[in-house]
Structures are given as C-alpha cells and as structure tokens.
Amino acid sequence: MTTSFAALIYRPDLVSERALSQGFAVALGGFDVPAPRLLTAPLPGLPGWSVAFYGSGRKVPRGAEEEEFEHACELFEEELSPALGVVDAAGEEGHPEAVIYALTYTEAALHDDAWRFDARGVERRFVHEGDEGVEVGFETPEAGEARALDVDLRAGASDEEEARALEAAAREHRGSTFVSRELGVAVLPALVGALFAADQRVTVRLVEANAAAITAEVRRLNGALRRVEGRGAQAVREVAGVAAPEAYQAFARTYDWADPTDPRDLYRELSIGAVEGALRFLRGDDFAGVEAEDAVRKAAEKGWYPIAQLTGSALTGATAQGVIALASDGDRLALVKRDGAIVEAGPRFGELLRYLALGWSKRSEAEEDMIGALMLRARLRADGG
116 MTTSFAALIY RPDLVSERAL SQGFAVALGG FDVPAPRLLT APLPGLPGWS
166 VAFYGSGRKV PRGAEEEEFE HACELFEEEL SPALGVVDAA GEEGHPEAVI
216 YALTYTEAAL HDDAWRFDAR GVERRFVHEG DEGVEVGFET PEAGEARALD
266 VDLRAGASDE EEARALEAAA REHRGSTFVS RELGVAVLPA LVGALFAADQ
316 RVTVRLVEAN AAAITAEVRR LNGALRRVEG RGAQAVREVA GVAAPEAYQA
366 FARTYDWADP TDPRDLYREL SIGAVEGALR FLRGDDFAGV EAEDAVRKAA
416 EKGWYPIAQL TGSALTGATA QGVIALASDG DRLALVKRDG AIVEAGPRFG
466 ELLRYLALGW SKRSEAEEDM IGALMLRARL RADGG
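Just so you know, we're using this note's numbering here: the sequence shown kicks off at 116 and counts up by one.
Below is the structure:
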C-alpha cells in the first residue's frame with residue numbers, strides 16, 4: 116500500500132480544534148467537497164506537538180487514490196491555504212505566536228513538499244516529480260527558486276544506482292528534511308506512525324451549529340451593530356405545531372429585538388446563496404401572519420421553523436420573496452417560497468449570522484477571507500440544492 120498524506124503539524128496548546136476546523140473551512144470555501152474532515156493524533160517523538168491529516172470525504176474508487184492526493188496538493192498550494200487559515204484563526208483566539216507546518220507527501224512519485232507558516236510569513240521547500248523530470252525549490256518572504264534537480268550519475272549506471280543517486284540529490288531539498296531540521300526529529304517516520312494512529316475526528320465547518328456557538332455569533336452581531344444583548348426578547352413559540360430548535364431559542368434570548376435607532380431592523384442588500392434582498396427576523400405578531408400562509412404550514416409539516424422574512428431588492432434586482440426557515444437540527448436553512456417550493460438557502464444558520472456581523476464591520480484580511488468563504492460555500496450549496 117502506497118503511503119500518501121496531506122497534513123498539518125501544530126501545537127494543540129496554541130491551536131484549538133475550532134481553529135483547525137475554521138482554517139480548513141475557509142480554505143475550502145470554493146472547493147466542492149461533500150464532507151471534509153481531519154483526523155488528529157499526537158506526533159510520536161515530539162512532545163507537545165500533534166498532526167492533523169486531511170481528507171475530502173469523497174468516495175475514492177480503488178485505483179483513483181491519486182486524484183484524492185492531487186486535490187489535497189491543490190488545496191495546500193492555494194494562496195489562501197488551510198495552514199494560513201489556521202494561523203489566522205489561532206491569532207483570533209489569542210495565539211498569534213502559533214507556528215504551523217504543512218506537508219504533502221506520497222511514495223507513489225517523488226513528491227515531498229512542506230511549508231512553515233507563522234505571523235512573519237511563509238517558508239517552503241519542495242521536491243516534485245513531473246513530466247519534465249524532478250523539480251526542486253524553495254520560497255521565503257524574501258526570495259524563491261525552482262529548478263531541475265542536478266543528479267550526478269556515471270555513464271552506464273544501473274536503475275538501482277540511478278535511484279540511489281536521485282534520492283541522495285533530492286534529500287536536502289525535501290520538505291520533510293526542512294521540517295525535520297526545524298523540529299529536531301526525523302519527522303517522516305513520525306508522520307507515518309501517526310497516520311495509522313490518528314483517530315480523533317475534527318469536522319470541518321465555518322461556524323458551529325450548537326446553541327453555545329449561536330449565542331456567540333449573536334453576540335458578535337450585537338457588537339458589530341452596537342446593540343444590547345437580549346433587549347426586547349420575547350418567549351419563543353411553536354409555529355404550526357413545530358417547536359423552535361434549541362439553536363433558535365439561543366438566538367432569540369440573545370438578539371436585540373428593540374434597538375430604538377433601527378426600529379425596522381431590516382438587513383438590506385444581502386447576497387449569500389439564495390438569501391438575496393432584504394431580511395427581517397420574525398417577532399411577535401409576525402409569527403401569526405406567516406403561520407397563516409399555506410407554504411409555511413406545508414413546510415412546517417416537514418419540520419421547518421420560520422425565522423425571517425425575505426423580500427426583494429431594487430438595488431440588486433433580487434426578486435426572491437418568501438420565508439427563511441430553520442431545520443430541526445438548528446443548522447440548515449431553507450427558503451420557503453410563496454408558491455410552496457422549499458429550496459436550499461445556502462448558508463447555515465450560524466454562517467448567516469457571521470455573514471451579517473462581518474457585513475456591518477470593518478474587516479481584517481482574515482475576516483475578508485472568511486466572508487468570501489461563507490459566500491462561496493453558500494453559493495455551492497444553493498446551486499447544488
């Protein structure tokens with residue numbers, strides 16, 4: 116069996132699972148992958164360090180493993196790479212000193228690529244076998260080079276001698292050699308050992324779906340809008356026989372429902388997935404009004420709980436009108452149209468709240484990356500749903 120992997124090496128005291136999850140999710144914003152996941156484990160021989168192995172979640176037919184590895188290489192080589200996203204997320208959590216090492220490696224060809232990411236920038240070493248031979252190179256914040264590998268071979272050398280000479284010439288350029296020097300251990304054997312021991316799963320998500328995460332997202336939104344937590348909150352009610360999901364109850368307790376400076380409480384010119392136009396979260400008598408709509412009652416029979424009204428926009432030309440509804444899992448959102456159609460909204464509930472908060476904020480580079488990823492992921496879902 117050929118060993119191949121794409122992995123990040125990190126210190127778990129500086130990089131949380133949430134930072135890992137968010138960093139990969141931001142990098143994957145424009146990739147159509149069904150259920151990306153990470154498997155983590157301590158790195159043998161290096162106390163205090165762990166490794167996270169990436170998988171796309173696609174079903175890989177026998178013999179097509181190379182395609183999965185090529186996808187991982189493409190992802191790790193993106194300008195907005197998972198490692199950069201993780202460094203940014205760790206910084207947001209109060210650990211700007213976090214250092215991440217990223218590696219893509221396979222035995223199927225001569226491919227050994229590694230990066231070092233930290234607040235100062237990126238450093239890279241690589242060996243790649245391509246159609247035109249073996250290429251080696253490096254990148255630093257100051258310089259970079261890529262060239263054909265020079266191999267010293269005597270005339271008439273055997274295949275075995277050629278292989279040994281190639282390995283000797285490539286060794287100093289290998290990404291794993293670079294990381295081994297940085298960490299002071301032989302990193303490749305440690306990674307191979309961890310690959311078969313990794314069993315701690317980390318789901319890749321832009322925003323979590325539980326009630327605590329939703330509360331945090333609403334607080335972020337309140338902060339962006341300079342609002343007061345829980346002002347004007349009312350008891351949450353059933354709608355057409357459907358109980359409010361726990362995530363919505365957390366939202367309703369925390370949201371500012373009575374901002375005197377914005378009595379209409381209308382989020383205008385939105386464009387994320389199928390959520391295009393102006394949005395207003397339902398409150399009070401609004402629920403009785405939407406409950407009387409046939410489309411909403413039929414959606415309720417399938418477990419959808421209405422949370423917001425969506426109207427068109429003269430500025431963007433969006434004509435979608437309907438109700439945004441939340442699934443019983445407190446995560447998925449649908450657009451319930453006036454004609455009764457129920458379509459994928461695009462963003463998840465927490466993602467919509469983050470999008471609103473970022474839309475009304477002065478954004479950092481990392482936050483620009485996040486809002487871009489939110490919109491790309493929502494568009495992929497809406498187009499595919």
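We treat Cβ as the ideally placed atom computed from N, Cα and C, and that holds for glycine.
It should be emphasised that the depicted structure is a prediction, and the values quoted were computed from it without experimental measurement.
Helix, strand or coil: which one does DSSP assign to residue i?
i	result
D228	strand
S119	strand
P157	strand
Y370	coil
R494	helix
V411	helix
T255	coil
S502	Residue coverage of the chain in this structure runs from 116 to 500, which leaves residue 502 outside it and unanswerable.
T292	helix
V300	coil
R262	strand
F241	strand
A328	helix
R177	coil
V357	strand
R335	helix
G144	coil
R379	coil
V317	strand
Among the options, whose alpha-carbon lies nearest the alpha-carbon of residue i?
i	options	result
A156	E183, G170, I124, G178	I124
A488	T255, S273, L321, A258	L321
R334	C188, G465, K174, R133	G465
A167	E189, R133, G144	R133
T426	S443, G455, Y420, L385	L385
I387	A415, E323, M485, W419	M485
Y169	G163, A362, L154	L154
E207	S479, L495, A150	S479
A328	R496, R173, R469	R469
W230	E247, A312, G259	G259
V357	A393, K413, E238, L199	K413
Taking the Cβ atom as the reference point for each residue, do residue i and residue j lie within a distance shorter than 9 Å?
i	j	result
R453	A410	yes
P421	V354	yes
V319	L143	yes
A442	A493	no
G178	D228	no
A326	A362	yes
F241	E247	no
A359	A348	no
A373	R395	no
DSSP puts residue i in a beta bridge; with which residues?
i	result
L425	L394, G437
G170	R152
D233	G236
I124	V166, Y216
V451	V438, I457
Y420	L441
G248	G245
Chain C beta carbons: is any one of them nearer than 9 Å to that of residue i?
i	result
R240	In the displayed structure, chain C is absent; only one protein chain is listed.
Assuming residue i contacts residue j under a Cβ cut-off of 8 Å, what Cβ separation, rounded to an integer in Å, is found between them?
i	j	result
L448	A456	Actually they do not touch by this definition, with Cβ atoms about 15 Å apart.
A213	F191	Rounded, the Cβ-Cβ distance is 18 Å, inconsistent with contact.
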